[in-house]
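Q: This is the structure I want to talk about, given as structure tokens.
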Amino acid sequence: MVRLDVGWPKGTWVAYLGCAIPALVLVNLVVGAIGLMFLTSSEFPWIGVVMMLPFLILDMWIALALAYHYKNAFWVDGRVLVQRALFGRRSHDLSAAQVSVETARPMMATWLGSALPRLVVRVPGRPPVKVWLRDPFRGGTLLPPHQLATLAQAIAPDLRHPVAHRLWTLASDPLNGII
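Heads up: the sequence shown begins at 0 in numbering that gives the first Met the number 0, then just goes up one per residue.
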């Protein structure tokens, strides 16, 4: 089983879950207590709502962002691509799936460069699964050669599939003959 280096690195998860979330909880408790004081007052109850509403929206946005990034973990087990889901895991058989490559501009990343390549796995009856080959959350770095080779062999062990052949070529010469 090979875990693909996509999504947030461990240090980012530690920073968010260990530092940012506890600080946000503390701020929410303070603002909630002050807002509750205003809500229970007879003169200015609307001030409590106005105070708490932006923090509620911020909390929902952070929860959605964490859920999005949590699902962005993949690994290859034999010929199966496994994706971490909110509840469990989703498996996609690469030998039976339609596999292609597309380029796209990352939506929820700090990447400001051009469009990046990603692998698209389509299984009938399921939404397509998209795996970044150059990860925008890691500065646009290419997947390591052994992970590209593992993906190529999972798609087609004989490398006859055009995407598998290209991934294998990229794994054997990641700099494309520059050096």
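We put the beta carbon where it would ideally sit given N, CA and C, even for glycine.
Tell me whether His160 sits in a helix, a strand or coil according to DSSP, three-state version.
A: coil
Q: Along the alpha helix (DSSP H) that carries Pro44, what are the first and last residues, could you check?
A: 44-69
Q: My output table needs one value for Trp12: the three-state DSSP class, helix, strand or coil.
A: helix
Q: State buried or exposed for Arg2, treating a residue as buried only when at least 16 other CB atoms are found within 10 Å of its CB.
A: exposed
Q: Check whether the Cβ atoms of Arg78 and Val128 lie closer than 9 Å to each other.
A: no
Q: What does the alpha-carbon distance come out to for the pair Leu166 and Ile56?
A: 42 Å
Q: Nearest to Trp131 by CA position, among Leu115, Gly138, Pro123, is which residue?
A: Leu115
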